[in-house]
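Structure record follows, encoded as structure tokens.
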Amino acid sequence: YDKPVKGRKINWMKAGILESDQILTVSPYYAEELVSGEDKGVELDNILRKTGIVGIVNGMDVQEWNPLTDKYTGIKYDATTVMNAKPLIKEALQAEVGLPVDKDIPVIGFIGRLEEQKGSDILVETI
1 YDKPVKGRKI NWMKAGILES DQILTVSPYY AEELVSGEDK GVELDNILRK TGIVGIVNGM
61 DVQEWNPLTD KYTGIKYDAT TVMNAKPLIK EALQAEVGLP VDKDIPVIGF IGRLEEQKGS
121 DILVETI
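For the sequence shown, the positions run 1 to 127 when UniProt numbering is used.
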């Protein structure tokens with residue numbers, strides 16, 4: 001049994017891992033990265049290899065967020081009508097969040113941590 005205590009120090013992350021039924025992370029690649037070496041797993045790589053770690057794939061519920069039936073927008077569309085709906089959706093979003101409604105002003109959405117690994121540096125350079 002690998003105790004999470006070393007001298008007078010307690011590794012709470014290790015304690016959590018040892019007491020967990022399953023360890024999950026944000027992707028299969030990141031799960032592999034965490035067990036690839038001490039520098040990536042922050043000294044937890046050995047315990048993660050022993051207990052196992054699973055990467056989950058990012059995704060969404062395609063039924064809940066189907067643009068033809070989405071209850072959160074009044075503009076319904078599918079793959080054949082998306083280009084006609086796109087400017088209307090943009091205008092509705094700009095108005096709803098208090099931005100100037102202007103077709104020439106770009107609206108950019110970014111889902112992720114603002115760090116180089118996620119490409120935010122490229123986004124900043126592009127803007």
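Ideal placement from N, C-alpha and C gives every residue a C-beta, glycine not left out. Model, not experiment: these values are computed from the prediction.
- P28 is positioned such that its CB atom lies no closer than 8 Å to that of G59.
- Considering only I108, V124, G109, the residue with the shortest C-alpha distance to E115 is V124.
- The C-alpha of L88 is placed about 15 Å away from the C-alpha of D70.
- Looking at the DSSP output, G55 bridges to T25.
- If you ignore the 5 residues before and after K90, its C-beta comes within less than 6 Å of the C-beta of V107, all in its own chain and listed in chain order.
- Counting other Cβ atoms within 10 Å of its Cβ, I10 stays below 16 and is therefore classed as exposed.
- Looking from the CA of R49, the closest CA among D2, S120, G119, D104 belongs to D2.
- When the Cα atoms are used, L44 and N84 turn out to be separated by approximately 51 Å.
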